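Laid out in structure tokens, this is it:
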């Protein structure tokens, strides 16, 4: 249980070199801090705000890059899937399939993901209550696959705004499945820039501290060497150069929370 | 513009006979009232709250039943699609493809639907602001297909509750696309029954009056001869026996709204 | 029951002449349209966003001006009270005491208002559900005064935003007390201008139509001959010059709603 | 800055003996843990959900009891005020005047409180954004009194539900005033029991940990030797017997948060 696992990487796969550079940096930090790393990156941004936004490198190329990272650094890799057909091939290259929040109620996707036997990280829909996730998990578990993680990434709060109801962390934990706190998408301002989502990167550290103080199994943070030049989620990603200090500090809160819990 | 078009039918296709019986009743009412009818029914309920819920008759069978209704009653038919692959075959049998609210940001689905050339009814996601729908419509329009309808069906408001922000109707109308008011799903209480969504059928008439008084191009109402025995959306469907009186009254509000607008 | 009563006037009392000019204009319009008028204006804006905002003419002067309008035009007058002490003197000059939304749970104020025997218009707090208003009304009714009106003016929806849940109108009507729709404050954007509240005057007509289509006993609309120069609530007030056309149209929706309800 | 100050006591003053018993227990715990204590209790519950709820011992009697606690235990005492008239007498007996959330926009109350020169703890209204509190503080500061604390106690989230947006803590801290986290009222379910507010006492410890991990100057927790028999706020108060263990644990999170902040 100790310490939290880190799910981290750049929002989308930009190139093999870029992916490997970030993986190398994260791998070194996590090794030094004794934190388990799951490398995360997307091969396709399937639900961008605008049609003009960049989509990504595509599945075949993306999965190959992720498999390369798994091999080179020996760490599990995670990517998100958007259709039942993607689940099987993705599960051959990655360790964890992630279900996007908007898709967390799509039965066929949940079943196809579950049937691969891979671990599944399901994001809680912005339109769901934390207790609704028990039904979501039960769809996956109906395949016999109980390797399920439930992930908080914010709930709709008025327009173009998300809020983290931190009570959701212990509520989702009552299912018995590990709970992940996604600090990156929790600070998203959906559609807040008109044709793109805005974000409040400055709140990643305090909210991550809060989540760890309550107690979570894993933390999800997207990172990039130059977030403001990234093709997606720039406003919410933490600069890679700040990750070591951030994680060092977060590890202390995690330890304290799990010390006599 | 006058009067509103009615999009109606049972939530899901139960059988050929059941579909035809409801179509016959709706066809007669709409004919008598001079209201255009688009018959609506789903071949697959792809995002039910629980894994144990009924899914439907399947695509092949469902599309055949819908095509039969189109032929027999001469009215356009509508069904919802859940993946890019479903769009082309569905568009061969139905006139209007509907994009479910949870899927309204899935770029591939919007593009595939648009490319069929069929009319598209996109539900506003419960997690979106009305002004965010301009970006959704632009994705479809990028295919050259401008036959787009934007549909209000409620916005997340706390947990297990939706609210209609009626300002959303004129805001979405500013796109220039016709606006649909979905009175059925607006009174849904998502996940409100634990393993299923609840609903408040009693608010369908007042909310539909309100939407028509503001001004909409079409009204979406699911109906069933015995809603409490229906395999889905029972708590929100209007009994078929009440539809004639309801529509008669709603038509008067629509006329008044469009009279000197 | 027919037609709706209009509660209208400028947000605050600016001067005797100003108040009388607006009263004269409203009185003539309402007389022509056969609509009952309750003249509304505030002698003190007790909860402005900023300390620098104008507060008003004060109680003594304000009540005298309102009493003068009552006498001159023969119409009931309404003003809002902010403390138990204000209730008795206010009730000597006006017919209806109004409880501000922020104060709708203050027991002493509700009791003091009730004890005057005057009619009471209680605004639903932005932080309350419509069904919570039964408890608010019961506090007033405990004084033996059942002359209670319950007023919808929007509910908190995220930050700096209100939404009208139109279901609240029939829900509050279940108490048996007449329901008022406040179209002016419903389009307020609280704190939306930083040091002042913003507003969306353009939504007053559609939302008022919606409320009347559902069915309300009274409509509350603030008006001013030059809203953008008004000392408060400018962004939400309807220009006086537009009131006749607006009310003519609204009266038609009210008639239709009450025709065969 | 280190450690946090504790604002604690029973929701309302029940009797001199009861108040002193709880004060004695809290005083001992805080002394042992090196935490500064501000004893809190209300002499009047001025905005109960229902008219039938208990109001309290009254101002004269309540202030005397609080002054007695201040004298006996040498700790500052806090109570809430509901009208401008109460401020001066209250400030003669207590050290901190508290402005209730519903009343945080009432200019006269804020000014009267400020003019006493006492420290002021203002609760953020459930209907306000965290940044709106700068205007509230400015009203108080206009009296020359800068001894202001800003207190988070939840924001309206749908009906009968509050949510803590933890970003509000650093946002309010940008004013330069100390920020208080009220763990008790944050877990209130307003009106959730029909004629009374419900609550979720079980979330006090995790939410308090989260707030301290983010960083606050003070923590507000109501406590009672038998919460379920208390005349108000029973469902949200922490049993007195659990306070020592809870505070011990919370102190560790506070230390860690302030260690290298």
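Protein chains in written order, with the working numbering: chain A, 1 to 261; chain B, 262 to 522; chain C, 523 to 783; chain D, 784 to 1044. Ideal Cβ placement from N, Cα and C applies to all residues, glycine included. The structure presented is a predicted model; accordingly, all values stated were derived computationally and were not measured.
Cβ neighbours of residue i in the same chain (closer than 7 Å, five flanking residues each side left out)
i	result
residue 41 of chain A	9, 10, 12, 13, 19, 66, 79
residue 101 of chain A	123, 124, 125, 126, 153
Distance between residue j and residue i (C-alpha atoms, nearest Å)
i	j	result
residue 670 of chain C	residue 504 of chain B	36 Å
residue 831 of chain D	residue 296 of chain B	51 Å
residue 240 of chain A	residue 37 of chain A	15 Å
residue 356 of chain B	residue 481 of chain B	16 Å
residue 983 of chain D	residue 887 of chain D	24 Å
residue 644 of chain C	residue 1039 of chain D	48 Å
residue 681 of chain C	residue 544 of chain C	34 Å
residue 118 of chain A	residue 285 of chain B	49 Å
residue 1020 of chain D	residue 866 of chain D	26 Å
residue 259 of chain A	residue 3 of chain A	10 Å
residue 167 of chain A	residue 947 of chain D	9 Å
residue 224 of chain A	residue 874 of chain D	54 Å
residue 1009 of chain D	residue 1016 of chain D	11 Å
residue 726 of chain C	residue 1013 of chain D	46 Å
residue 195 of chain A	residue 70 of chain A	35 Å
residue 55 of chain A	residue 369 of chain B	11 Å
CB contact check: residue i to chain A, cutoff 8 Å
i	result
residue 725 of chain C	no
residue 369 of chain B	yes
residue 452 of chain B	yes
residue 334 of chain B	no
residue 493 of chain B	no
Which residues DSSP lists as bridging residue i, in chain order
i	result
residue 1022 of chain D	D:1007
residue 442 of chain B	B:413, B:480
residue 382 of chain B	B:359, B:410
residue 268 of chain B	B:299, B:481
residue 863 of chain D	D:881
residue 423 of chain B	B:417
residue 452 of chain B	According to DSSP, residue 452 of chain B bridges with nothing at all.
Residue i at chain C interface by Cβ criterion, 8 Å
i	result
residue 981 of chain D	no
residue 514 of chain B	yes
residue 434 of chain B	no
residue 922 of chain D	yes
residue 826 of chain D	no
residue 909 of chain D	yes
residue 912 of chain D	yes
residue 1024 of chain D	no
Beta-carbon proximity list for residue i, same chain, < 6 Å, skipping 5 on both sides
i	result
residue 175 of chain A	134, 137
residue 459 of chain B	450, 453, 496
residue 334 of chain B	284, 288
residue 731 of chain C	775
Below-8 Å beta-carbon distance, residue i vs any chain D residue
i	result
residue 476 of chain B	no
residue 573 of chain C	yes
residue 757 of chain C	no
residue 717 of chain C	yes
residue 545 of chain C	no
residue 654 of chain C	yes
Contact list for residue i against chain C, beta-carbon separation under 9 Å
i	result
residue 158 of chain A	678, 679, 680, 681, 682, 683, 685
Listed by chain order, chain B residues near residue i by CB distance under 9 Å
i	result
residue 105 of chain A	307, 308, 309, 310, 363
Beta-carbon neighbours of residue i, restricted to chain A and to distances below 8 Å
i	result
residue 949 of chain D	164, 166, 206, 207, 210
Same chain, Cβ closer than 8 Å to residue i, neighbours up to 5 away in sequence not counted
i	result
residue 441 of chain B	268, 382, 410, 411, 412, 413, 477, 478, 479, 480, 481
residue 995 of chain D	787, 964, 1002, 1033, 1036, 1037, 1040
Beta carbon proximity, residue i to chain B, threshold 8 Å
i	result
residue 778 of chain C	yes
residue 135 of chain A	yes
Residues that residue i contacts on chain A, provided the C-beta gap is smaller than 7 Å
i	result
residue 953 of chain D	206
Neighbour list for residue i in chain B, Cβ cutoff strictly below 7 Å
i	result
residue 112 of chain A	Here the premise fails: no neighbours, minimum Cβ distance about 11 Å.
Cross-chain neighbours of residue i in chain D, by beta carbon under 7 Å
i	result
residue 664 of chain C	834
Contact residues within the segment 586-619 of chain C, judged by C-beta distance below 9 Å to chain G: Looking at the structure shown, chain G is missing, and the protein chains on hand are A, B, C and D.
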